[in-house]
Amino acid sequence: MGYIRHVHLKSQEKKTEVNKMNSSNFKSDIPKILLLVAFLLLSHSAFAEILYVVNSQSRTLSKIDTATDAVNNSFCVLGNVPNKIVVDEEYIWSVNSGDNAVQKISRTSGATISNIFIGIGSNPWDAVKHGTKLYVSGLFSHKVYKIDTISGMLEASVNVGTAPEDLEVLGNKLYVCNAGDYSQNYAGSSVTVIDLESFSVLNTIEVSANPQHLAAHDGMLHVSCTGNWLDIAGAICIIDATTDTLIETIEIGGTPGTIWIARPDLALIADNNGVYLYSYNPSTFEVWHDGSDPLPNGGSEVVGNSNLIAVLSPNWGGNGIVKLLHPDLSAWKQYSVGMMPTDLKLYDAASTANDQIAVPAKIKLSPNPAGQGAALQFSSQKEIDGELSLYNLKGQKIASYQYPGRELSIAEPKLPSGVYFYRLRNHSGVQGRGKLLILK
Numbered sequence: 003m004g005y006i007r008h009v010h011l012k013s014q015e016k017k018t019e020v021n022k023m024n025s026s027n028f029k030s031d032i033p034k035i036l037l038l039v040a041f042l043l044l045s046h047s048a049f050a051e052i053l054y055v056v057n058s059q060s061r062t063l064s065k066i067d068t069a070t071d072a073v074n075n076s077f078c079v080l081g082n083v084p085n086k087i088v089v090d091e092e093y094i095w096s097v098n099s100g101d102n103a104v105q106k107i108s109r110t111s112g113a114t115i116s117n118i119f120i121g122i123g124s125n126p127w128d129a130v131k132h133g134t135k136l137y138v139s140g141l142f143s144h145k146v147y148k149i150d151t152i153s154g155m156l157e158a159s160v161n162v163g164t165a166p167e168d169l170e171v172l173g174n175k176l177y178v179c180n181a182g183d184y185s186q187n188y189a190g191s192s193v194t195v196i197d198l199e200s201f202s203v204l205n206t207i208e209v210s211a212n213p214q215h216l217a218a219h220d221g222m223l224h225v226s227c228t229g230n231w232l233d234i235a236g237a238i239c240i241i242d243a244t245t246d247t248l249i250e251t252i253e254i255g256g257t258p259g260t261i262w263i264a265r266p267d268l269a270l271i272a273d274n275n276g277v278y279l280y281s282y283n284p285s286t287f288e289v290w291h292d293g294s295d296p297l298p299n300g301g302s303e304v305v306g307n308s309n310l311i312a313v314l315s316p317n318w319g320g321n322g323i324v325k326l327l328h329p330d331l332s333a334w335k336q337y338s339v340g341m342m343p344t345d346l347k348l349y350d351a352a353s354t355a356n357d358q359i360a361v362p363a364k365i366k367l368s369p370n371p372a373g374q375g376a377a378l379q380f381s382s383q384k385e386i387d388g389e390l391s392l393y394n395l396k397g398q399k400i401a402s403y404q405y406p407g408r409e410l411s412i413a414e415p416k417l418p419s420g421v422y423f424y425r426l427r428n429h430s431g432v433q434g435r436g437k438l439l440i441l442k
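Everything in the sequence shown is counted per the working numbering, starting at 3 for the first residue and increasing by one.
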């Protein structure tokens, strides 16, 4: 049994070709979806977004500054067969399948800090970070591993299904999709539910063939099932995270990959063949663009926030391309990265890769500009129980405060003169953001 990704590449030769986009149909759909996205993306914030790309064959990590268009395709030398990364404020965690290890990297310098060994033959595939723990799926060991990110110690493991891949945390539960046995037409395709406190399996939910990616929205888990690349088409399975039951199967067709839920009424799905995008309404489950009518300018990965949409074009066998898209999803600009890229992540100093395009609650700040040492008063139109964070121009978090309701007063912020950004976030996502100017 080889790496599943390698099997996917070979299977592309056998797959039936997806019907290409009819340009007139595409134009007629613009009022439904694309102009909606355009309207929502018109207001650009001053936060700088950084894109990170795993170049599996080159064994390097690319860093792209979208504000300056600077590209560093050797930001970090990765281990053997790097596959996926997790990005937080301080570190990047690279899941290196060939080394059976996770590589801990400084997000700012690209220096390797340590390598955490998972286990012989585990073939770690993907990971998710929750609090101080990193949860890693073992593709060949059929296990999920728990790592303490502070000590770097492997704390525990639990058996799940066949070929576990993507992971997602919802509430006090960890979900992992099990792609199934590819040699048996992906038999055993399922999602395993793990209790985070006891780190034990609670449930296993059968889904469509070859589930590879997960996304959470409004208490629901969206499972992207790629199909068998031949005669079983792709689907999105919806699991109610309260009852852990399958409530809906959306017949998308094609070969769906990662899901980016842009807003409550729009989700974009990458194409595991690296060509198209699909779309649907994640709240009503209405399909906008399926395998018979996909969107162009797609790729194998899609990420975004309120400022940009980025897709990864793997260009199998050559150097990959990261494409930034205009609000109407037409091509804007692109960057060349390393060979055989397998993952794309977005880091935003005032957001995260999972932030939806949202209409934030109005946050007032007074005074602004403010003198050095002056008290800052934040207020919102509605009750928000969350955290307000301040960032400098480098995107580094310099302070955070609990936001207890409608108002927050910071008596002595002790900030030198300059430009800062603030973000108010609660469990539902970003509720407001803006710029702060401190004068001498």
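We put the beta carbon where it would ideally sit given N, CA and C, even for glycine.
For a quick check, are the C-beta atoms of aspartate 183 and threonine 164 less than 8 Å apart?
Yes; because the gap between Cβ atoms is below 8 Å, this pair is in contact.
DSSP three-state call for serine 153: helix, strand or coil?
Residue state, collapsed to three classes: coil.
So, using beta-carbon positions, are tyrosine 447 and isoleucine 412 closer together than 8 Å?
The structure shown does not extend to residue 447, since the chain spans only 3 to 442, so no value can be given for it.
At the level of alpha carbons, what is the spacing between cysteine 179 and asparagine 187?
Computed Cα separation, rounded: 16 Å.
For tryptophan 334, which residues of its own chain have a beta-carbon under 6 Å away from its beta-carbon, when the five flanking residues on both sides are left out?
Excluding five sequence positions before and after tryptophan 334, the CB atoms of its chain that fall closer than 6 Å to its own CB belong to Leu326, Leu327 and His328, given in chain order.
How long is the line joining the alpha carbons of alanine 113 and cysteine 78, rounded to whole angstroms?
A direct Cα-to-Cα measurement between alanine 113 and cysteine 78 gives close to 7 Å.
On the DSSP bridge assignment, give the partners of lysine 437 in chain order.
Answer by DSSP bridge pairing, in chain order: Phe423.
In terms of alpha-carbon separation, which member of Thr247, Ser191 and Thr68 lies closest to asparagine 230?
Of Thr247, Ser191 and Thr68, the residue nearest in Cα terms is Ser191.
Taking the beta carbon of glycine 320 as the centre, do at least 16 other beta carbons fall within 10 Å, making it buried, or is it exposed?
Its Cβ having fewer than 16 others within 10 Å, glycine 320 is exposed.
Skipping 5 residues on each side, what residues in its chain have a beta carbon closer than 8 Å to that of proline 406?
Within the same chain, proline 406 has close Cβ partners Asp387.
Counting only runs that start and end within the stretch 366-392, where is the beta strand (DSSP E) found for 3 or more residues in a row?
Listed in chain order, the complete beta strand (DSSP E) runs (minimum 3 residues) inside the stretch 366-392 are 378-382.
Who are the near neighbours of asparagine 102 in its chain, counting only those whose CB is closer than 8 Å to its CB and skipping five residues on each side?
Spatial neighbours of asparagine 102 in its own chain (CB-CB distance under 8 Å, excluding positions within 5 residues in sequence) are listed in chain order as Phe119, Ile120, Gly121, Ile122, Gly123, Ser124, Asn125 and Pro126.
Would you check if the distance between the CB atom of proline 213 and the CB atom of valine 193 is smaller than 8 Å?
Yes.
For the beta strand (DSSP E) that arginine 265 lies in, which residues bound it at each end?
In the DSSP assignment, arginine 265 falls within the unbroken beta strand (DSSP E) covering 258-265.
Best match in Ser302, Lys384, Pro258 and Leu348 for proximity to arginine 109 [C-alpha to C-alpha]:
Scanning Ser302, Lys384, Pro258 and Leu348 for the CA closest to the CA of arginine 109 turns up Leu348.
Going by C-alpha to C-alpha distance, which of Tyr54, Lys175 and Thr247 sits closest to tyrosine 137?
Ranked by how close their Cα comes to the Cα of tyrosine 137, the residues Tyr54, Lys175 and Thr247 have Lys175 in first place.
What does a CB cutoff of less than 7 Å around threonine 354 pick up in its chain, not counting 5 residues either side in sequence?
Confidence is the limiting factor: at threonine 354 the pLDDT is only 43, short of 50, which leaves the residue's position unreliable, though a coordinate-based value still follows. Here the set comprises nothing.
Range covered by the beta strand (DSSP E) that runs through threonine 286:
That residue, threonine 286, is in no beta strand (DSSP E); it is neither H nor E in DSSP.
I think serine 308 touches leucine 297, with their Cβ atoms under 8 Å apart; what is that distance to the nearest whole Å?
Actually they are not in contact, since the Cβ atoms of serine 308 and leucine 297 sit about 20 Å apart, beyond 8 Å.
DSSP state of glutamine 398 mapped onto helix, strand, coil:
Secondary structure of glutamine 398 (DSSP, three-state): coil.
If you follow the beta strand (DSSP E) that phenylalanine 77 is part of, which residue opens it and which one closes it?
Its beta strand (DSSP E) spans residues 72-79.
Between His215, Ser159, Gly322 and Val97, which lies nearest to valine 203 when the distance is taken from Cα to Cα?
Minimum Cα distance to valine 203 is reached at Ser159.
Residues bridged to glycine 407 [DSSP beta-bridge criterion]:
Answer is none; glycine 407 lacks a bridge partner.
Three-pair Cβ contact test at 8 Å for the stretch 250-269 versus the stretch 232-242:
Contact between the stretch 250-269 and the stretch 232-242 is present, because at least three Cβ pairs lie under 8 Å.
Can you tell me which of the three DSSP states asparagine 356 falls into?
Because the pLDDT at asparagine 356 is just 45, under 50, the model does not fix this residue reliably, and the value given afterwards should be weighed accordingly. When DSSP states are grouped into helix, strand and coil, asparagine 356 belongs to the coil group.
Can you tell me the Cα-Cα spacing of valine 304 and tyrosine 422, whole angstroms?
Looking at the two C-alpha atoms, the distance is approximately 29 Å.
What does a CB cutoff of less than 6 Å around glutamate 170 pick up in its chain, not counting 5 residues either side in sequence?
Excluding the 5 residues flanking it on each side, glutamate 170 has same chain C-beta neighbours closer than 6 Å at Tyr177, Leu216 and Ala218, in chain order.
Pick from Gly140, Asp197 and Gly293: whose alpha carbon is nearest that of aspartate 246?
For aspartate 246, the nearest C-alpha among the options comes from Asp197.
Between leucine 310 and glutamate 51, is the Cβ-Cβ spacing less than 8 Å?
Less than 8 Å separates the beta-carbon of leucine 310 from that of glutamate 51.
Might you give, ordered along the chain, the residues of its own chain that have their beta carbon closer than 8 Å to the beta carbon of isoleucine 254, omitting 5 neighbours on each side?
Excluding the 5 residues flanking it on each side, isoleucine 254 has same chain C-beta neighbours closer than 8 Å at Ala235, Gly236, Ala237, Ile238, Ile271, Tyr280, Tyr282, Val289, Asp292 and Gly293, in chain order.
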